[in-house]
Amino acid sequence: MWKSLMVGAIVATLLLQQCGCSLIGLGIGASIDSGNKKQIPAEGWQIADVPEGTNVTVVLNNGSSVIGKLCGVDFAGAASFQDDYVRARQEDSAAALLPDLGDSLVLRGRWGAQIEGKLVGVDRSREKNKWEYWLKISQEDREKPRLCRLSDVHDIRKGDGSSLTGSDFCRILDETVKTSISTVSVCGDPGGSRSIPASDINHVTFTKKGKAAQTGFLIGLAVDATIIAVAVIANSHDDPPPYHPSDTGITSCPFVYSLVDSSYIFDAEPLGAAICRSLQRTDLTVLNHAQENGGFYRFRITNELAETEFLDEVKLLAVDHPDSVQVVPSFDGALHTVCSPQTPLSAVDYHGANLLDLVKYRDTEFWVSNPFYRISGVDAQIRDGLELEFAKPPDAQSVKLALNVQNTLWGAEMLNKAIALLGPEADVWYAGIARSTNLQQSLEQAMIREGMLVVKVWNGSSWKDVDFVWGVGPRMPKAQLVKLDVGGITGNRLRVRLESTAGFWMINSVLADYSADLPLEVTELAAVEATDQLGRDRRPLLARSDNKYHVMPTNSDRIEIAFAAPPPRNELNRSLVWKCTGYYNIHVPYGSEPNPELMARLISEPGAFGRFALEMLSSGMNAALAGRSITSLYHRW
């Protein structure tokens, strides 16, 4: 059963807003209750991730403070973890799939090596701010147990004949076995160095070091000597560093990395929300980091999430254009030019708050839809959005809205939880969707209605739905363009609404351009190299969209792919656009309880998915505030 519970950070939000700061991200972190744990590793600033040496102020439950430098965070020892492992197997149906101590196992490594023996212990270590799990295997010919790193294990066969992949083993451990922090150590306090029990901590403030000093606010709560921190990072106007996604336990799409100098940098997450074959599409993404390396553009495609990727075609578009022109793709696979962008004259949310500064320019500031403290039974509170006004030439017939937007991790999490309602019948559901045109249409309409960013235009008497922005993924902003017919709108103003289910979208900028598209010099490049992790040439599968797929079912799957760089064109700039056709299937976690009736209602009933999401959030907050559980809400820029 999914027991992930959400707790709001409304006080921190209000404090930051009073200080002139803006919220930059939204997602769901980890959750714990007194009897069980369901964890989604957070990408945010949990207390365990704050670097040692950072100046912190630890405010205790009795009102006093400890000021100094963070010296370390101590976690429960191996013996405690092994006890928690045994307890989880007894109390959680998903953990019951794991082997018991004393079970005979056959471990097969990722490179073919095989180890047979009995499981006599489990352990863990903290490496690079994430847990690494270890299995202790006793063998007759060895005096001491062999210590096997679980991330090196491809699959495990138990004595009863059942098997489990190493990645699934890790995921179940993350989801079911409690991760406890026992103490937080602070050095340099006037009273001397102190090790503070997590249960005594109310909250922590810290200063983040970087290109510019930034202040963070950690909200800490403790249950059973466990602390999970929530951080809200204040804005800076410096460019953010390149983002490298970590395994959040939330699925979205394949990852694309560009080779820059000698390092691969995360540059695209194509195929957002293409969760089944009927939603397959050709996705275009403008790459921000890709560059030529010795006459080639080189990339890496990975599957790092709990899903299977199906790649039908992969190409690279070299788009040459004048320096003053921005190239932006639309959902239908076309490329457009933005030559004369206009910023909004006004931008307000549905409560009338002035948010123009957040969405006026493409920068590091976002408007983030807030799902907290809404009533799920009130239809108006399920939806959230922005209303923008632009100047409009009186004779304008069309306008291009250039948006820089991003999904929240919370939105991606809710999509995962909806798919989890299918339980072990998920594959049957995927197959049924593929066979039925009516089901395909119903699913697509529901996803647009409930999860996409709907574009509305005021026609002088009412708001009309005119288009939408499809899901773009939760791990980086993406430029998208929507072209609208405004020939029937009179006057010199254009009013636009961008609306979706509350909490699902972040908007960085919205610009209007009434200019006609300029011609572009587009060269479509086929791969000259495309090698998977086994050394196989995958170019034949990726050369064209023909329903012959390169399938990536595990987190060890990857492709190294290269394209020959065409010679530059005189006096033209070049934009590189990733072209990818395909889809992905979300893996349903072990132990998910099926509820096909609810899933059917989420698809057929308008607003049901929004109510489903808000009810989960509300119940989680109530439980947390009652002291029964704790979760982290994290924010990133």
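Just so you know, we're using this note's numbering here: the sequence shown kicks off at 352 and counts up by one.
Where a beta carbon is used, it is the ideal one built from N, C-alpha and C, also for glycine.
Everything numeric in this text was worked out from a predicted model, so none of it was measured.
The C-beta distance from SER866 to VAL670 rounds to 17 Å, too long to fall under 8 Å, and the pair is not in contact.
Restricting attention to GLN465, TYR648 and ARG632, the CA atom closest to the CA of ALA877 is found in TYR648. Per DSSP, reduced to three states, the secondary structure at SER851 is strand.
Secondary structure of ASN906 (DSSP, three-state): coil. Within the same chain, Cβ atoms closer than 6 Å to the Cβ of TRP482 are found at ARG475, the five residues on either side in sequence being excluded. CYS538 sits in a strand when the DSSP states are folded into three classes. Boundaries of the beta strand (DSSP E) around GLY736: 734-742.
The segment 907-915 makes no contact with the segment 752-764, as fewer than three CB pairs between them are under 8 Å. The segment 679-724 is shown to contain whole alpha helix (DSSP H) runs of 4 or more residues at 707-710, in chain order. Annotated three-state conformation of ASN789 is helix, per DSSP. Assignment of beta strand (DSSP E) within the segment 416-467, counting only whole runs of 3 or more residues, yields 416-426 and 455-460 in chain order. Separation of GLN490 and ASN936 (C-alpha to C-alpha, rounded to the nearest whole angstrom) is 39 Å.
When secondary structure is reduced to three states using DSSP, LEU892 falls in the helix class. For GLN490, the secondary structure class from DSSP, reduced to helix, strand or coil, is coil. Rounded to whole angstroms, the Cβ separation of SER955 and VAL710 is 34 Å, and the two are not in contact under 8 Å. In the structure shown, the three-state DSSP call for THR659 is strand.
The continuous stretches of beta strand (DSSP E) do not include GLY510, and DSSP gives it neither H nor E. Shown here for TYR436: same chain residues with a beta carbon closer than 6 Å to its own, the five before and five after excluded, namely VAL473 and VAL528 in chain order.
The straight-line gap separating the alpha-carbon atoms of GLU467 and ILE507 is approximately 10 Å. By the CB criterion at 7 Å, SER851 and LEU794 fall outside the cutoff. An exposed status is given to GLN792, since fewer than 16 other beta-carbon atoms sit within 10 Å of its beta-carbon. According to the DSSP assignment, CYS499 belongs to the beta strand (DSSP E) that extends over 497-500. Here LEU953 carries a helix assignment [DSSP, helix/strand/coil]. Between GLU620 and MET827 the beta-carbon gap is near 6 Å, inside 8 Å, which marks them as a contact. DSSP places ASP503 within a helical segment (H, G or I) once states are collapsed to three. Judged by pairs of C-beta atoms under 8 Å, the segment 829-845 does not touch the segment 763-772, as fewer than three such pairs exist. Separation of the CB atoms of ALA915 and VAL879 is rounded to 5 Å, and the pair is thereby assigned contact status at 8 Å. In the three-state DSSP reduction, GLN796 falls in the helix class (H, G or I). When C-alpha distances from VAL689 are compared across ALA894, ALA863, ALA447 and ALA763, the shortest belongs to ALA863.
If you look at LYS807, you'll find it in the beta strand (DSSP E) that goes 804-809. Inclusion of LYS930 and LEU662 in the CB contact set at 7 Å is not warranted, their separation being larger than that value.
Remark: C-beta atoms of LEU686 and PRO680 approach each other more closely than 7 Å. Here TYR781 carries a helix assignment [DSSP, helix/strand/coil].
The C-alpha of ASN924 lies about 28 Å from the C-alpha of ARG632.
When DSSP states are grouped into helix, strand and coil, PRO945 belongs to the coil group. Taking 7 Å as the cut-off, the Cβ atoms of LYS743 and ASN843 count as close.
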